[in-house]
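Structure record follows, encoded as structure tokens.
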Amino acid sequence: MERLSRWLALPPLAYLCALFGLPLLLMVLASFQWPGEFGGLEPALDRSEDGYRLNLTLESYHRLGEDGLYLGLLLKSFLYALVTALLCLLLGYPLAQLIARSPSRWRGWLLLLVVLPFWSNFLIRIYAWMILLSPEGLLLGVLNALLAWFGLGPVQLLYTPAAVILCMVYVHLPFMVLPLYVNLERQDPALLEAARDLGASRWQCFWRVTWPLSLPGVYAGTALVFIPAFGMFAIPDLVGGTEGIMIGNVIRTQFLEARDWPFGSALAIVMTLVILVLAWLAAWLARGKADYG
Amino acid sequence: MRTLVLALGLLVAALPAAAQNRLHLYIWSDYIAPDVIAAFESECGCQVVQSHYADNEEMLAKLAAGAKGYDLIVPSTEVLGGMIKQNMLQPLDKSRLPNLANIEIGFLDNPADPDGRYSVPYAYTVTLIGYNTRKVEELGIDPHSWSVIFDPAVLQKIKGRVTVLDSPRELLAAALIYLGHPANSLDPAHWKEAAEVIRQAKPYWAAFNAASYMRQLAAGSIWVAHAYSSDIFQAREEVRQAGRGFDIGFALPREGALVGMDNLVIHRDAPRPDLAHQFINFVLDGRQSAQLTNLIGAGNPNRAARPYIRPDILEISAIFPDAETLRRLQVPEELPSARERRALSRWWTEVKAR
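Order-wise, the sequence lines are chains C and W.
When we follow our numbering, the leftmost residue of the first sequence carries the number 61, and every step to the right adds one.
When we follow our numbering, the leftmost residue of the second sequence carries the number 18, and every step to the right adds one.
Dropping the structure here:
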């Protein structure tokens with residue numbers, strides 16, 4: 061049995077090496093190369109009469125740090141992703157709790173409702189939000205009518221950073237709810253009963269029992285939301301307006317418009333490093349708490 | 018079982034034959050009339066397979082990454098020179114293109130491809146201002162100047178109702194023209210001035226948008242758009258059909274504007290250069306060529322197409338410029354090297370982030 065499982069692990073391992081590890085190495089190499097005259101890359105090895113010579117450079121990394129422009133964008137994207145993850149947690153936790161506590165015959169249906177939006181294409185859902193958020197849209201129409209009733213001026217939502225956060229929260233919410241649900245559903249109700257018997261208030265029950273036990277789910281959900289949100293480019297492109305650009309947009313531009321693969325690679329690597337450190341941190345925190353649970 | 022084997026055998030035998038009789042067209046989306054494709058298919062007894070791109074750079078990036086099998090591609094002039102220098106294209110056999118005579122002489126004089134060895138002009142678009150006629154009139158704004166998207170004094174009347182193209186080349190060129198510099202200037206001082214103009218105008222813009230502004234213009238939520246002429250044409254068709262109580266206007270700014278030509282070229286490794294030549298000659302026929310203009314309002318360099326083009330389109334001077342308008346148009350040039358592309362990319366990031 062042991063041996064079989066080892067064999068079965070081979071295909072996914074090979075898949076990861078071939079389609080994640082290798083491209084990552086190529087990207088690291090590309091970030092030290094010179095860009096080709098018409099896009100692509102200059103060869104990493106120069107062939108001259110007296111043999112081969114390395115043709116690498118640190119220039120892309122120099123440009124990245126030369127002033128605050130790109131680092132500022134990196135920080136801004138980090139904050140956007142962080143806010144998105146926190147809002148998802150705030151909205152997702154009660155929802156996951158509700159589903160986990162509901163009668164078991166309902167749970168399947170409720171989970172289905174959470175996953176249902178995935179049945180339609182991501183871009184189509186964002187376009188739908190563009191219609192809802194536009195000044196002529198239903199949502200904003202109702203909101204502005206309400207505001208006018210209180211004597212407040214109309215607000216604009218589409219093409220603002222708020223629209224970017226709103227759409228990112230909307231898109232990523234299921235990634236928060238699912239791991240939280242898995243965790244909360246498995247918690248033994250007897251623990252809460254014991255806490256109540258020992259005189260804990262409802263708040264204490266939550267804060268001293270449910271919350272610490274759910275931390276692995278919280279970390280997993282936060283990582284699942286934070287990581288894709290950090291590199292997001294489609295949402296800022298569509299609803300971000302003139303202020304919403306994130307680091308993902310810049311990376312995409314390097315490959316699809318500027319034809320500057322080395323610089324795009326360097327930006328992507330810095331982003332990957334930030335994410336790796338955070339993922340490692342989350343895993344480390346989660347493991348610590350799991351032992352303690 | 019035997020039937021299955023037989024069927025499979027037949028299928029395998031038929032595959033190469035079918036694959037041979039296909040023309041692979043790599044083209045901008047919605048850039049050829051479906052009727053033209055159908056007519057060509059019945060003439061050549063072959064099948065036309067289309068793939069689409071939304072951006073020259075997307076097409077180049079895909080080809081650079083090794084995409085193969087395309088016969089015909091439709092690059093804009095500003096990337097044509099690079100494709101020729103990279104040896105990506107094959108020279109045209111003009112003996113197979115008798116309809117080439119239909120192209121207006123002026124359009125054949127393309128500095129990116131002298132003597133048209135590799136390319137045939139297909140259609141062009143002018144980058145200009147599209148506007149909601151009712152709003153512009155109500156607010157007393159003159160849309161025939163780039164000041165309508167760059168001058169804060171004008172912009173304050175239409176705050177949040179303006180979009181500009183999400184394209185570094187187009188926006189830089191528009192700002193340079195507004196400032197009175199050549200659209201293709203590479204002078205860093207000019208670029209800096211342009212960035213400053215944009216920085217002051219940006220708070221009044223709703224978005225950088227190259228994909229959905231025509232719909233918003235047609236819906237009435239955007240009043241002024243820095244736009245491609247064919248998009249404005251389509252927005253106007255939509256508004257007129259729906260009867261929304263306003264019209265969409267074309268304004269070619271008096272300071273000048275960019276005109277972008279798209280060209281038919283054959284890829285060096287085209288599997289079917291013969292079909293590709295046949296296709297080019299087919300779409301150069303006046304009647305076929307006119308269909309694209311009637312459908313999307315593309316500018317048309319084909320003389321023989323004129324009699325078949327809707328008269329109301331021929332009257333739009335932004336699509337069919339008269340001699341006076343023509344003098345105001347500038348053609349985008351390719352950035353000379355990777356260094357300028359880097360500089361432009363940095364300029365763009367700065368414009369967007371600050």
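Even glycine gets a Cβ: it sits at the ideal position worked out from N, Cα and C.
Rounded to the nearest angstrom, the Cβ distance from W/Ile-336 to W/Ser-246 is 6 Å, consistent with a contact under 8 Å.
When C-beta atoms of the stretch 256-266 of chain C are compared with those of the stretch 162-178 of chain C, fewer than three pairs fall below 8 Å, so the two segments do not count as touching. Restricting attention to C/Gly-99, C/Tyr-130 and C/Asp-106, the CA atom closest to the CA of C/Ile-305 is found in C/Tyr-130. Proximity of C/Tyr-140 to chain W, defined by a Cβ-Cβ separation below 8 Å, is not satisfied. Rounded to the nearest angstrom, the Cβ distance from C/Ile-307 to C/Leu-149 is 22 Å, too far for a contact under 8 Å. For W/Glu-74, the closest Cβ of chain C is nearer than 8 Å. Counting only residues of its own chain and dropping the five nearest sequence neighbours on each side, C/Arg-113 has a CB closer than 6 Å to the CB of Asp-106.
It is roughly 24 Å from the alpha-carbon of C/Gly-213 to the alpha-carbon of W/Gly-157. Close partners of C/Thr-302 in chain W (Cβ separation under 8 Å): Lys-219, Pro-220, Trp-222, Ala-223, Ala-224, Phe-225 and Lys-369. The Cβ neighbour count for W/Asp-130, taken over all protein chains shown within 10 Å, is at least 16; the residue is labelled buried.
When beta bridges are read from the DSSP output, C/Arg-107 appears opposite C/Tyr-112. Interface flag for C/Thr-117 against chain W is unset, since no Cβ pair is found closer than 8 Å. Taking 9 Å as the Cβ-Cβ cut-off, the stretch 171-189 of chain C approaches chain W at Tyr-187, given in chain order. In this structure, C/Val-242 sits away from C/Gly-152, with a CB-CB distance that is not shorter than 8 Å. Residues of chain W whose Cβ lies closer than 9 Å to the Cβ of C/Phe-290 do not exist; the shortest such Cβ separation is about 16 Å. C-alpha of C/Leu-198 to C-alpha of C/Leu-192: approximately 6 Å in a straight line.
With respect to chain C, the C-beta atom of W/Leu-203 has no partner C-beta closer than 8 Å. DSSP, reduced to helix, strand and coil, places C/Phe-315 within a helical segment of the structure shown. In the displayed model, W/His-207 falls within a helix according to three-state DSSP.
Take the alpha-carbon of W/Ile-215 and the one of C/Leu-298: they are about 20 Å apart. For a cut-off of 8 Å, the C-beta gap from W/Gly-314 to W/Tyr-141 is around 11 Å, too long to register as a contact. For W/Gln-103, the chain C residues whose Cβ falls inside 7 Å of its Cβ are Phe-98, in order along the chain.
Look at the beta carbons and you see the stretch 315-333 of chain W not touching the stretch 70-90 of chain W: under three pairs across the two are nearer than 8 Å. Of all residues in the stretch 320-335 of chain C, only Asp-320 and Phe-323 come within less than 8 Å of chain W when Cβ atoms are compared, listed by chain position.
For W/Tyr-43, there is no enclosing alpha helix (DSSP H); the residue is part of the beta strand (DSSP E) that begins and ends at 39-45.
A straight line joining the alpha-carbon of C/Leu-217 with that of C/Thr-313 spans about 25 Å.
In terms of Cβ geometry, C/Ala-160 and C/Leu-244 form a close pair [threshold 8 Å].
Judged by beta-carbon spacing, W/Ile-249 lies beyond the 8 Å limit of W/Phe-263, meaning their Cβ atoms are not closer than that value. With a cutoff of 8 Å on beta-carbon distance, C/Phe-92 and C/Leu-116 are scored as near each other.
In the DSSP assignment, C/Thr-144 falls within the alpha helix (DSSP H) that extends over 128-161. By the Cβ neighbour-count rule, C/Gly-168 is exposed, with fewer than 16 other Cβ atoms within 10 Å of its own.
When secondary structure is reduced to three states using DSSP, W/Ile-283 falls in the strand class. Considering only W/Ser-46, W/Leu-89 and W/Ala-84, the residue with the shortest C-alpha distance to W/Asn-298 is W/Leu-89.
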